[in-house]
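Reading the sequence shown from the start, the letters are residues -7 to 111 in my numbering.
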Amino acid sequence: MKIAVSAQGKTLDSSLDPRFGRAAYILVVDTETLEFEAFDNGNNKNAFKGAGIQAAAMVSDKNAEVLLTGFCGPNAFQTLDAAGVKVVSDQSGRVIDVIQKFKQGGAVYAEGANKDGHW
-7 MKIAVSAQGK TLDSSLDPRF GRAAYILVVD TETLEFEAFD NGNNKNAFKG AGIQAAAMVS
53 DKNAEVLLTG FCGPNAFQTL DAAGVKVVSD QSGRVIDVIQ KFKQGGAVYA EGANKDGHW
């Protein structure tokens, strides 16, 4: 399964970035092999508005089935939901630890955004 994780750095040892739309990086990880790609989210991080929607579109384009993050706003959540991507919010710690917890069945899928929209 491919999952996406908002991250502060480019490796699995990086800290999870709690801000999905404005995360420094988004890692797309194969949960079976732990092979991953790190995507620079700098354009979205510095966007005036629409960061969450653009990051959500990128996650969908990379065929991730689940997003692990700290906070997900309403526009990003709606975009992910429309694309069939499940969201696990309120995550923290190192990316690898969050992935291992997910693999052990420790995920509770969000039913909505856990952060207010900016606009």
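Ideal Cβ positions, reconstructed from N, Cα and C, are used throughout, including at glycine.
Give a yes or no on whether the C-beta atoms belonging to residue i and residue j are separated by under 7 Å.
i	j	result
aspartate 9	arginine 86	no
threonine 3	lysine 95	no
alanine 105	glycine 65	yes
glycine 62	glutamine 83	yes
Using a Cβ-Cβ cutoff of less than 6 Å, which residues in the same chain neighbour residue i once the five nearest sequence positions on both sides are dropped?
i	result
glutamine 70	none
valine 58	Ile(-5), Lys78
alanine 30	Lys2, Tyr17, Leu19
Would you mind working out which of the options sits nearest residue i, comparing C-alpha positions?
i	options	result
valine 79	Glu103, Thr25, Val90	Glu103
glycine 13	Val58, Leu60, Ala68	Ala68
alanine 16	Ala(-1), Asn55, Leu26, Ile88	Ala(-1)
aspartate 73	Gly44, Met(-7), Gln92	Gly44
aspartate 32	Gly1, Tyr101, Ile88	Gly1
phenylalanine 28	Ala49, Arg11, Asn55	Asn55
Skipping 5 residues on each side, what residues in its chain have a beta carbon closer than 8 Å to that of residue i?
i	result
isoleucine 91	Ile(-5), Val(-3), Leu4, Val21, Thr23, Leu26, Leu60
glycine 34	Ala16
Identify, in the order they occur along the chain, each residue of the same chain with its Cβ nearer than 7 Å to the Cβ of residue i, setting aside the five sequence neighbours on each side.
i	result
alanine 99	Val80
At 4 residues or longer, what runs of the alpha helix (DSSP H) sit wholly inside the stretch 44 to 77? 66 to 74
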